[in-house]
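What follows is a short report on a single structure.
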Amino acid sequence: MFMSPNLNRAHDAISLRTAKGRKLLLKKIWQYKWIYLIMLLPGLAVTVLFRYLPLPGIALAFKTFKPVFGKTGLFGFLTASPWVGFTHFTRLFKESAFWVATGNTLYISLLKLIFGFPFPVILAIMINEMTLKKYKRVLQTVYTFPHFLSWVVLSGIILNLFGDSGVIKKVAVLFDPALQDGWNVLYNTAYFRTLLILSDMWKEGGWGTILYLAAITGIDPALNEAATIDGANRMQRILHITLPSIMDLVVIMFILQVGNMMNSNFDQIFNLYSAPVYKVADVIDTYVYRITFQSSTVMDYGFSTAVGLFKNVINFALLLAANYTSKAAGGDGIM
Amino acid sequence: MRKKLTCLLLAALMALGLAACQPAANSESPAAPEAPAQTTNEGSEEQQAPQEEAPEEAPATSAYDTHLTISMDVLDAEKTNVTAKDAWFREKFNIDWDLIPVTWGDWNERVRAWVAADDMPDILWWDMKTNYTNEFRTWANAGAFRAIPADLSNWPNLQALREKLITDDTMLTVNGELYGWPASRQNPDWLENAYYCMFAYRRDWAKAVGLYKEGDAYTWDEVKAMIKAVQEQDPGQNGVGNTIGITSETWAFPGVFMEILGMADDRNGYVKDENGDYIPYFTTDTYRQELKFVTDLFQEGYIWKDQVVDSGSDGVNHFTAGTAFMFLGNNSASWFSGTAYPKMVDTGVVSSSDDVAPMIVYSPVDNKSFWLTETEDYWTVAHLNHNVDDEKLTRILDMWNWLGSEEGRIFSVAGLEGQDYEVNPDGTYTILWEKGEDGNYISPYADTASNIYTPPALVPAPNETSRMDGYNAFAAIYEFMQTSPDYHVHKLNWDLLTFDGEQYANYGAFDSDVKAKITEIIAGGGDVDAQWDAFLAEMEPKWQPVAAELKAQLG
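In order, the protein sequence lines correspond to chains A and B. Going letter by letter, the first sequence gives residues 640 to 974 in this note's numbering. Going letter by letter, the second sequence gives residues -18 to 536 in this note's numbering.
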């Protein structure tokens, strides 16, 4: 169903199943074309510029990048760069650092899925259950605020808190003086992933509740009232009304997150990690960045593109698998 | 109707946003922020730094009819091109600057991206060190840069600089053409182009704990004893045990800690073994000994624990704030004058410049030799975009040539005649700036940057406006470096640095991998030998083809 911009007029609802409906839709679009076009343009421009125009660059994964200069056209470098077949992939699969990065990417994403994904759902339900409205709003603001700080800022805060001169160490030393010389939370492989997961939950947990709170708000109050009359306690109402009502949204968010598993949070990890924790925290994105921009040898965009292509193929496969699993389990997919 | 109005408003806002994103039509340089006020010596009024205004000594007319806009990437862009001195220079050469900001953190990355995308400024200025030689050669061969004319007879000051430089011919010349201009360091000969990666330390604290030695030269055992004593006796009143031992620049950890130990003469990426074959230096036993030494320093608490995760300036900040005893960095005399003393003496962290000094730490091999490392004879390199036309090329070379003249030198170190200095009858200069209590000049340009004038060469120091306490602090060390047989310089292998082999270009000496591994080992401690052996076993198949190529082509 397509609703015209004037949502108050129910008769404007158009059925796309009939020829008449489709004709009416075209008429409505024509009628309001300038609004749509204006609204569409920025998004369209961004999508074309940054999502479609660079697509031919994927060919670099099978070429050795050669810079070209002068009037060579937008993709002149592709013509100048010779084909090398699967050379980059062969090299890639032999690189131990790549496999470490792939393993870390999946493992960190899995941890975030297990601990980070349910967190906003639970938080949203808890906030929804609060009866003091002002306090509820204050809490929502407090939880949401960290989302608006960049990882550069947050990592600075975390590094200062957990560093050798940080407050956390000073408190810890009160309980265990031996930590005075042995403090190394920021580059200890045993703690680093925990630090990543907790800091991610802290930053994004509150922001993630917005969608779920909106969905919870849409639940028919009559259901809760009827359940209360029938003697259901708060936990029972949550389990049997709130959760099932938002489950479709939870599933969609889950599929999207699974489809994004190969995209670990580059900003977070890049700003927090250091060489001693590469083996537990170097993910594909940081690996690509390091080999592309921080390597002391000649830059090889072809190799970097090969890594990126590999990552996106896996991502796409994961997205399809999650969508298929969801549908097979009787739920809704996103495709 | 209301919706249409809202949409029109939105559309107008979008159009406004797009218009705001357009570059200024006249390509003016970034808006000039007001330079901060400088405090003069006691009893005088506050003096405002020079503003963007008509200079007193502006050239009546420029010698150039055509107005040009020259783009260049610079550090501290927001502090650049903001003074009357800069306005005078622009007018003299009839140019405007289109400055593209870079920071130390992203400088080389941005240069690489610009070149790859053929989106370079007219003057591509960067911190090109020897390990970027192969990449530069690839770019030059592909036509990225405009060659600097071989015949520099129209620019005699540049010609004179070329005659003194080594790297213009060795590193920056490709197929007979010079594709980059190195900003000569203009070092004295006795320095052998070694760079000052040495320690700065709190001499006052060393005296307070009774371990100071005349001449500021120590063995590592003495350094360790001093650090422990400072941490226990707390002369800096940071709290017992809270004073940091050694901090460093981020780039200096851990490589420079190992380099200054002086355990091997040849520390180039590849060295020859007893069979005459090339092997990476990191595979040698001396490298392993260096690694163990620095690991012990770190694990025993002499090196700041957060040095591993510091990616900014916290290391130097700890030192200048008085919370660290020693600091390892590019600690030249001008660093003391320009960074350490202004931050420590002028802000009261120390009572006099004598309290902070450069420090020699002898090699642990013999406890008497002192090692620095040869570096390029320039600081930075400026390339010219291949799109730069003849007129712009001439203007740029004219500017650089003038900056290399005596008139250009005094402009760089002082400013404008009549405003910043006067010429005496004997040809010397009288600086017109006010002096502080300590007798040093108070520069009206203190909080501004001038790297637009850096590309041709660094100005020799000390000069008329230098604060001399930095140079005085080096008196004993200069004497040692010029006279002692125990002063050594790790020499660079120029054949290796300019080698164009494909394997070597692609992998080099695996610096990134090695740095990551040694940092991991130093921070993690444990069995260094076992970890290092495992790493060497993993790396051997990777470096073998490079070594074979070196053997085949360099012999």
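From the three backbone atoms N, C-alpha and C, an ideal C-beta is built for every residue, glycine too.
Below-7 Å beta-carbon distance, residue i vs any chain B residue
i	result
Trp841/A	no
Phe701/A	no
Tyr830/A	no
Met938/A	yes
Ser794/A	no
Asp924/A	no
Gly802/A	yes
Asp820/A	yes
Ala945/A	no
Pro860/A	no
Leu825/A	yes
Tyr691/A	no
Phe708/A	yes
Ser789/A	no
Contact with chain A by residue i, beta-carbon distance below 7 Å
i	result
Gly507/B	no
Thr500/B	yes
Ala518/B	no
Asn249/B	no
Glu90/B	yes
Cys2/B	Its pLDDT being 49, under 50, Cys2/B is placed unreliably in this model, and the coordinates cannot settle the point.
Ala528/B	no
His367/B	yes
Gly257/B	no
Arg269/B	no
Thr114/B	no
Val290/B	yes
Gly536/B	no
Asp99/B	yes
Asp287/B	yes
Bridge-paired residues (DSSP) for residue i
i	result
Phe180/B	Leu309/B, Met340/B
Asp77/B	Thr50/B
Leu665/A	Looking at the DSSP assignment, Leu665/A forms no beta bridge with any residue, so it has no partner.
Phe351/B	Tyr468/B
Leu793/A	None; Leu793/A has no bridge partner.
CB contact flag (residue i, residue j, <7 Å)
i	j	result
Val362/B	Gly157/B	no
Val326/B	Ser334/B	yes
Ile503/B	Val275/B	yes
Phe831/A	Val922/A	no
Val937/A	Ala486/B	yes
Gly677/A	Ile764/A	Before going further, note that residue 677/A is Ile rather than Gly in the sequence given. No. Outside cutoff.
Thr304/B	Asn366/B	no
Thr320/B	Val394/B	no
Thr61/B	Leu49/B	no
Trp822/A	Lys842/A	no
Gln214/B	Pro441/B	no
Gly802/A	Asp287/B	yes
Ala175/B	Asn312/B	no
Minimum C-alpha distance to residue i - residue among the options
i	options	result
Asp476/B	Gly191/B, Val252/B, Trp186/B, Gly217/B	Val252/B
Gln280/B	Asn249/B, Asn311/B, Lys349/B, Lys205/B	Lys205/B
Ile855/A	Lys710/A, Thr686/A, Leu762/A	Leu762/A
Ser884/A	Ile677/A, Val927/A, Ile891/A, Ile858/A	Ile858/A
Ile147/B	Ala497/B, Asp358/B, Asp494/B, Ser493/B	Asp358/B
Ile930/A	Ala736/A, Leu694/A, Val687/A, Arg876/A	Ala736/A
Thr84/B	Asp77/B, Trp78/B, Val92/B	Val92/B
Thr479/B	Tyr468/B, Asp108/B, Val155/B	Val155/B
Leu473/B	Ile284/B, Ala245/B, Ser43/B, Tyr182/B	Ala245/B
Thr354/B	Gln140/B, Asn249/B, Ser386/B, Asp450/B	Asn249/B
Trp136/B	Leu172/B, Val63/B, Ser386/B	Ser386/B
Met380/B	Asp77/B, Pro345/B, Pro261/B, Tyr113/B	Asp77/B
Gln933/A	Gln525/B, Val63/B, Gly507/B, Asp87/B	Asp87/B
His471/B	Ala518/B, Cys178/B, Pro82/B	Cys178/B
Ala457/B	Glu372/B, Ala528/B, Ile341/B, Pro345/B	Ile341/B
His364/B	Lys73/B, Ser350/B, Thr264/B, Trp95/B	Trp95/B
Contact test: residue i Cβ vs the ligand ATP heavy atom, cutoff 6 Å
i	result
Val275/B	Inclusion of the ligand ATP in the displayed structure is not the case, the ligand content being empty and no account of it being possible.
Within the segment 841 to 907 of chain A, note down every full alpha helix (DSSP H) run reaching 4 residues or more, in order along the chain.
860 to 868, 873 to 876, 882 to 897
As an exercise, report each continuous alpha helix (DSSP H) stretch of at least 4 residues that is fully enclosed by the segment 59 to 103 of chain B, in chain order.
65 to 74, 88 to 97
At 4 residues or longer, what runs of the alpha helix (DSSP H) sit wholly inside the segment 382 to 410 of chain B?
387 to 394
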